[in-house]
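Counting from 1, one number per residue, gives the positions in the sequence shown under full-length UniProt numbering.
Ideal Cβ positions, reconstructed from N, Cα and C, are used throughout, including at glycine.
Here the structure is a predicted model, which means the values were calculated and not measured.
See below for the structure under consideration.
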Amino acid sequence: MKETIITESRSTAVINAPIEFVDIADWVFTLPDAEYVRCSPAHIAAGFTTSDDGRRMSLNVETIGGNLMVQHYVEDIGEPHHVRLLSTSDVIGPGGRTKSGVVWELSVKAIDANSCELTNHVIGKTTPEYWDHLGKSGVPFEVAQKAQDTASSAHNAQETPLFAKSMEAKALKKKQASK
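See the structure below:
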């Protein structure tokens with residue numbers, strides 16, 4: 001079966017700090033567990049490690065649309081103003097366990113000298129296990145896609161402003177330390 005997009009959402013929020021003090025890669029790969037949990041009631045845990053080939057990884061556990069998601073985000077791009085992470089995520093729900101491909105991309109662009117805009121872009125994709133799971137469950141793809149898209153978009157809209165506040169706090173500490 002071919003890889004198909006299940007969901008795609010973008011959410012933005014303002015970071016009230018100069019862009020030169022915002023470092024998304026540093027934020028993602030040093031984010032304390034408790035801070036991740038504060039960014040959404042659906043967040044359960046987070047940590048960081050490395051992949052077998054030495055790339056940085058962010059491990060996130062959360063619930064989206066009634067499913068427990070265990071995400072193994074491997075760094076694809078890790079720059080101060082642009083991070084793209086790729087995961088083959090475990091999805092555990094009432095219908096059993098499967099896998100989904102996830103692309104999580106965070107970027108920031110300057111608004112003015114004292115603020116910038118965070119964009120949180122998430123794409124969920126099918127995997128062979130996902131197609132197999134749908135076939136066994138008898139759920140039509142269109143039904144699963146609509147449910148996942150609705151849940152993922154709502155989750156993204158909820159967490160993005162809180163991610164921005166977390167990045168803002170870190171950036172302002174960095175700005176203060178530079179004085």
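Minimum Cα-Cα distance from Ser87 among the listed residues Asn16, Thr50, Thr119 corresponds to Thr50. Ile19 places its beta carbon 8 Å or farther from that of His82. As a beta-bridge residue in DSSP terms, Phe48 pairs with Ser58.
The alpha carbon of Ala13 has as its nearest neighbour, out of Leu172, Lys173, Lys165, the alpha carbon of Lys165. Membership of Glu3 in any beta strand (DSSP E) is not indicated, and neither H nor E is assigned to it by DSSP. Excluding residues up to 5 positions away in sequence, Arg84, His121 lie with their Cβ nearer than 6 Å to the Cβ of Glu105 in the same chain. Beta-carbon to beta-carbon, Thr126 and Thr4 are separated by about 5 Å, close enough to satisfy the 8 Å threshold. By DSSP's assignment, Tyr73 forms a beta bridge with Ser58.
In the structure shown, His43 falls within a strand segment according to DSSP collapsed to helix, strand and coil. Here Gly124 is buried, its C-beta having at least 16 other C-beta atoms within 10 Å.
The residue among Val102, Gly96, Gly95, Gly78 with its C-alpha nearest the C-alpha of Ser89 is Val102. Secondary structure remark: continuous alpha helix (DSSP H) runs of at least 4 residues inside the region 86-143, in chain order: 128-137.
Boundaries of the alpha helix (DSSP H) harbouring Val28: 24-30, taken from the DSSP string. Taking all protein chains shown into account, Ile15 has 16 or more neighbouring C-beta atoms within 10 Å of its C-beta and is therefore buried. By the 16-neighbour rule on beta-carbons within 10 angstroms, Asn114 is exposed.
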